[in-house]
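>
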Amino acid sequence: PEYQEPHDARRTDVTYDDLGGLGETIDQLREMVELPLRYPELFRRLGVDPPRGVLLHGPPGTGKTRLARAVANESEAQFFLINGPEIMGSAYGESEKRLRDIFEAAAKAAPSILFIDEIDSIAPKRGQVHGEAEKRLVAQLLTLMDGLEPRTNLVVIAATNRPDAIDEALRRPGRFDREIVIGVPDEKGRREILGIHTRGMPLGDDVDLDELARTTFGFVGADMAALTREAAIEAVRRIMPRLNLEDGTIPSEVLDELSVLRADFNN
Ligand code: ATP
């Protein structure tokens, strides 16, 4: 439940350094989103409208949400999040109102990034059976996108795992007319992601992150994050017997020795 009420405009502290294997994607997003948010007058001077909507697509767990947060933070913009399935679940008429409210709040707080996660659940292809409520929500979203004043310093970023499943009308000019594909990371990407998630971890000398990156073919960022988390838990399990369970303290030598070993990654 990541849904935030409209007044919950907030800054996030995720930076580009917290993303691994997405160098080119970050470059593209900086150009499409950060530049216009930071320097709207450049676009005005050239007489072109900055991008309104950017569609991110790629498999689950590849960092789309984290990326949107990072761009917001690095652009010094407010971050607003809409979770597709969650907003769909609201009572009749309530979903459209929530959508309108968030757009309004984001425009008011501009510069802002409004992130719509799993947009396919809000705007599935027409013709795919869906009810009256769903049709109205797509229509509302399109109206809101079209109604954004060119001067409003707001970029809408939408994410989906199923780009072929969304209503084509969403991709017309002035709506989500830019697309960025995010793929599964390669070995180099996995190595970067491992570096990020083990940043603050005391690692044993026998841990070889290059080897781990090599042997985790097919893992996405979320999998790599889970792998390091599990290894850390394994390390804690190992020192459990040495904790003073009675008074709840941790002997300082135990804390000093606590580190994640190669074997911890294999459990
Ligand atoms: P979903 O489509 O399931 O919402 P997503 O693509 O939005 O997934 P995130 O929610 O951003 O993925 O990623 C989930 C978690 O996985 C992140 O919080 C982060 O810990 C880790 N992660 C994913 N991709 C990366 C990456 N490229 N670099 C570092 N960490 C990553």
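In terms of full-length UniProt numbering, the sequence shown opens at residue 191 and continues consecutively. Virtual Cβ for every residue (Gly too), placed ideally from N, Cα, C.
Relative to the C-alpha of A258, which residue among G390, R362, R361, F305 is closest?
The residue you call residue 258 lines up with position 68 of the sequence shown. Of G390, R362, R361, F305, the residue nearest in Cα terms is F305.
> Is any non-hydrogen atom of ligand 1 found closer than 7 Å to the C-beta of D437, if you look at the structure I gave you?
Within the sequence shown, the letter at position 247 stands for residue 437. No; taking the cut-off as 7 Å, the Cβ of D437 has no heavy atom of ligand 1 nearer than that.
> What do you get for D357, buried or exposed, if any count of 16 or more other CB atoms within 10 angstroms of its CB means buried?
For this step, residue 357 is matched to residue 167 along the sequence shown. Buried: at least 16 other Cβ atoms inside 10 Å.
> Taking buried to mean at least 16 other C-beta atoms within 10 Å of its own C-beta, is residue 147 buried or exposed?
Here the chain has residues from 191 to 457 only, and residue 147 is not among them.
> If you run the structure through DSSP and keep just helix, strand and coil, what is R368?
For the purposes of this step, residue 368 is taken as residue 178 along the sequence shown, with counting starting at 1. If DSSP states are grouped into helix, strand and coil, R368 belongs with the strands.
> Would the region 267 to 274 count as touching the region 290 to 308 if we require 3 or more Cβ pairs under 8 Å?
Touching, yes, given that three or more Cβ pairs across the two stretches are closer than 8 Å.
> Taking the alpha carbon of F293 as the reference point, which residue from T388, P241, V346 has its own alpha carbon closest?
Position 103 of the sequence shown, counted from the start, is the residue given in the question as residue 293. The residue with the shortest Cα to Cα distance from F293 is V346.
> List in chain order: all unbroken alpha helix (DSSP H) runs of 4+ residues lying wholly within the region 322 to 351.
Those alpha helix (DSSP H) runs which fall completely within the region 322 to 351 and span 4+ residues are 322 to 337.
> Less than 8 Å between the beta carbons of N273 and E308, yes or no?
For the purposes of this step, residue 273 is taken as the residue at position 83 of the sequence shown. For the purposes of this step, residue 308 is taken as the residue at position 118 of the sequence shown. Yes, Cβ-Cβ distance for N273 and E308 is below 8 Å.
> Leaving out the 5 sequence neighbours to the left and right, which residues in its chain are closer than 7 Å to D413 when beta-carbon positions are compared?
Taking the first residue of the sequence shown as 1, we reach residue 413 at position 223. Contacts found: G251.
> Flag this pair as yes or no: are the beta carbons of L448 and I429 separated by less than 8 Å?
By 1-based counting over the sequence shown, the position of residue 448 is 258. By 1-based counting over the sequence shown, the position of residue 429 is 239. Yes. Within cutoff.
> Evaluate the contact criterion for the region 234 to 251 versus the region 385 to 396: three or more CB pairs, one atom per stretch, below 8 Å.
They do not touch, by the three-pair rule.
> What does the Cβ neighbour count give for L445, buried or exposed, with the cut at 16 atoms within 10 Å?
Along the sequence shown, one-based indexing puts residue 445 at 255. It is exposed - the Cβ of L445 has fewer than 16 other Cβ atoms within 10 Å.
> Roughly how many whole angstroms lie between the Cα atoms of K315 and A355?
Here the question's residue 315 lines up with position 125 in the sequence shown. Here the question's residue 355 lines up with position 165 in the sequence shown. Roughly 6 Å separates the two Cα atoms.
> Mapping DSSP to helix, strand and coil, what is V244?
To locate residue 244, count along the sequence shown from 1; it is residue 54. It is a strand residue.
> Can you determine whether any heavy atom of ligand 1 sits closer than 7 Å to the C-beta of K378, and answer yes or no?
As a first step, residue 378 must be located in the sequence shown, where it is residue number 188. For ligand 1, not one heavy atom lies less than 7 Å from the Cβ of K378.
> Under the assumption that G248 contacts I372 (Cβ atoms under 8 Å), give the Cβ distance between them as a whole number of angstroms.
Stepping through the sequence shown from its first residue, residue 248 is reached at position 58. Stepping through the sequence shown from its first residue, residue 372 is reached at position 182. The pair is a contact, with the Cβ atoms about 3 Å apart (cut-off 8 Å).
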